[in-house]
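Each step along the sequence shown adds one to the number in numbering that gives the first Met the number 0, with nothing skipped, and position 88 is 87.
Cβ coordinates follow ideal geometry from the N, Cα and C atoms, glycine included.
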Amino acid sequence: MPDSKVPNVAIKRLPVYLRVLEDLNKADVSVVSSVEMARRTGFSSEQIRKDLAYFGAFGTRGVGYSTDVLIERLRRILGLNRQVPAVLVGAGNLGRALARYNLERHADVRIVVIFDNDPLKIGTRVRDLDVKPVSDLEREVVRRKVRMGIIAVPAAAAQEMATRLVKSGVRALLNFAPLNLRVDPEIYVQNIDLSIELQSLAYYTSQVPGDRDFDDR
Ligand code: NAI
Numbered sequence: 000m001p002d003s004k005v006p007n008v009a010i011k012r013l014p015v016y017l018r019v020l021e022d023l024n025k026a027d028v029s030v031v032s033s034v035e036m037a038r039r040t041g042f043s044s045e046q047i048r049k050d051l052a053y054f055g056a057f058g059t060r061g062v063g064y065s066t067d068v069l070i071e072r073l074r075r076i077l078g079l080n081r082q083v084p085a086v087l088v089g090a091g092n093l094g095r096a097l098a099r100y101n102l103e104r105h106a107d108v109r110i111v112v113i114f115d116n117d118p119l120k121i122g123t124r125v126r127d128l129d130v131k132p133v134s135d136l137e138r139e140v141v142r143r144k145v146r147m148g149i150i151a152v153p154a155a156a157a158q159e160m161a162t163r164l165v166k167s168g169v170r171a172l173l174n175f176a177p178l179n180l181r182v183d184p185e186i187y188v189q190n191i192d193l194s195i196e197l198q199s200l201a202y203y204t205s206q207v208p209g210d211r212d213f214d215d216r
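Following this line, the structure appears as structure tokens:
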């Protein structure tokens, strides 16, 4: 069970540590200090030590962390000591791109079934996966014991999909639709919105002196 004392922001940093550690491991580095981890991740060494301390004592003072041990522990903490199955709802432009990327590159969390309600998309394939009718959602989620759902349908359909996924046993949602999903507090929702990210980045580009001459649409 996830530990509610560990802040979500710390959980989100763990995969970053894991990626760095796996790179080090591939380069035959067997021990790494929190200072070196800080240099490679951009987080402070204090932050890294604090995050890891939530889960117990991993390192040896003055020596550092064994990359093998820390990889194994982080994978276990994240639940990645086995492949995590996920379902994707929405086989449109975004959904297909996400599924292709996931199936080609990502072994830890694997999309195992894709749903859509468009008869023209049902039965088509993304790599080796068939797009299934959304009417099969409950049965497939329960049968495959899937706990993670990815929502890539239009906003108007997203809440219904979230509700159905959660009722079938999904505990964590990655939501790409531009709306705030209403789900029980114990369900973890991670929203991804490229438009919001770009709009907030625009703030930094608007601070360049001299560029103002072109604005005022
Ligand atoms: P799209 O129109 O290409 O794909 C949507 C898919 O959802 C279609 O295949 C459609 O048949 C399916 N669908 C619609 N209602 C459904 C239902 N009730 N049950 C099952 N399937 C259903 O749209 P696109 O571009 O792929 O975008 C999908 C979603 O992702 C939209 O909400 C869009 O706003 C959002 N989006 C978010 C981005 C982000 O950065 N967060 C970036 C791009 C899109």
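- In this chain, the alpha helix (DSSP H) harbouring R163 covers 154-167.
- Taking 7 angstroms as the cut-off, one finds no heavy atom of the ligand NAI near enough to the beta carbon of N179.
- By the criterion of a C-beta distance shorter than 7 angstroms, L180 is surrounded in its chain by A157, Q158, A161, L172, N174, V188, once the five residues flanking it on both sides are discounted.
- Within 10 angstroms of the beta-carbon of L119 lie fewer than 16 other beta-carbons, which makes it exposed.
- Approximately 15 angstroms separates the beta-carbon atoms of L17 and R104; this is outside 8 angstroms, ruling out the contact.
- Nearest Cα to A154 within the set G89, G148, K166, A201: G89.
- Inclusion of N92 in the 7 angstroms shell around the ligand NAI follows from its C-beta lying nearer than that to a non-hydrogen atom of the ligand.
- When the beta-carbon positions are compared, L102 and V83 stay at least 8 angstroms from each other.
- Counting C-beta pairs closer than 8 angstroms gives fewer than three between the segment 39-55 and the segment 104-118, which falls short of the contact rule.
- The ligand NAI approaches I191 closely enough that one of its heavy atoms is under 7 angstroms from the residue's Cβ.
- With at least 16 other beta carbons inside 10 angstroms of its own, R95 counts as buried.
- F114 is positioned such that its CB atom lies no closer than 8 angstroms to that of V68.
- Following the DSSP letters along the chain, one finds I150 inside the beta strand (DSSP E) bounded by residues 147-150.
- Cβ-Cβ distances below 6 angstroms link L51 to F57 in the same chain, with the five nearest sequence neighbours on each side left out; the list follows chain order.
- The alpha-carbon of E196 is positioned some 17 angstroms away from that of K11.
- Exclusion of K166 from the 7 angstroms shell around the ligand NAI follows from its C-beta lying no nearer than that to any non-hydrogen atom of the ligand.
- When secondary structure is reduced to three states using DSSP, Y64 falls in the strand class.
- Secondary structure note for K25: its alpha helix (DSSP H) is the uninterrupted segment 7-25.
- Counting along the chain, V140 sits inside the alpha helix (DSSP H) bounded by residues 136-142.
- For a cut-off of 8 angstroms, the C-beta gap from S167 to V133 is around 12 angstroms, too long to register as a contact.
- Beta bridge pairing from DSSP links R109 with P84.
- A check of alpha carbon separations from K49 across V169, A9, S205, S199 identifies A9 as the nearest.
- Taking a contact as a CB-CB distance under 8 angstroms, the pair G55 and S32 does not count as one, their CB atoms being some 18 angstroms apart.
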